[in-house]
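Below: the structure, in structure tokens.
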Amino acid sequence: QVQLVESGGGLVQPGGSLRLSCAASGIEFRIYNMGWYRQAPGKQRELVATITYGGSTNYADSVKGRFTISRDNAKNTVYLQMNSLKPEDTAMYYCNAGGTAIGYWGKGTLVTVSS
């Protein structure tokens, strides 16, 4: 059974930082492309960042220079380091394995950026 479990969300002030983690099980993690997506209230789910099995990364323009995606294949975990957070980063953040078409999703972790 495939499981993706996100953690690390919470309430943070503007300008602050959070580190999200996504622990994967039930898949051969090292060969999967992984990604972080987010969905704000009333909006569609959008790409935040992806990392290929080879370590290549891609970011949404809105987070470039502020967020960093990384992976630890020994721990079957993908991370999202989020710095200089803005109120518009408030959303449910979801981990994805294998792409949006046929991949797997976690249940999400909520990030709220507010003073």
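Here the numbering used here is used: position 103 in the sequence shown is 104, and no number is missing along the way.
The beta-carbon is built from N, C-alpha and C at its ideal position, and this holds for glycine as well.
Source: prediction; values computed, not measured.
Item: Here's a check: name, in chain order, each residue in its chain whose Cβ is nearer than 6 Å to the Cβ of residue 51, leaving out the five neighbours to either side.; Value: 36 and 59
Item: Which residues in the same chain have their Cβ closer than 8 Å to the Cβ of residue 76, if we skip the five residues on either side of it in sequence?; Value: 24
Item: In angstroms, rounded to a whole number, what distance separates the CA positions of residue 1 and residue 38?; Value: As shown, the chain starts at 2 and ends at 116. That puts residue 1 outside it, with no answer to give.
Item: Assign residue 89 to one of three DSSP states: helix, strand, or coil.; Value: helix
Item: Only counting the same chain, and skipping five residues up and downstream in sequence, which positions put a Cβ closer than 6 Å to that of residue 84?; Value: 18 and 67
Item: Considering just the uninterrupted stretch of the beta strand (DSSP E) at residue 22, what are its terminal residues?; Value: 19-26
Item: Go through its chain and collect everything with a Cβ distance to residue 104's Cβ below 7 Å, but skip five positions before and after it.; Value: 97 and 98
Item: Skipping 5 residues on each side, what residues in its chain have a beta carbon closer than 7 Å to that of residue 87?; Value: 15 and 114
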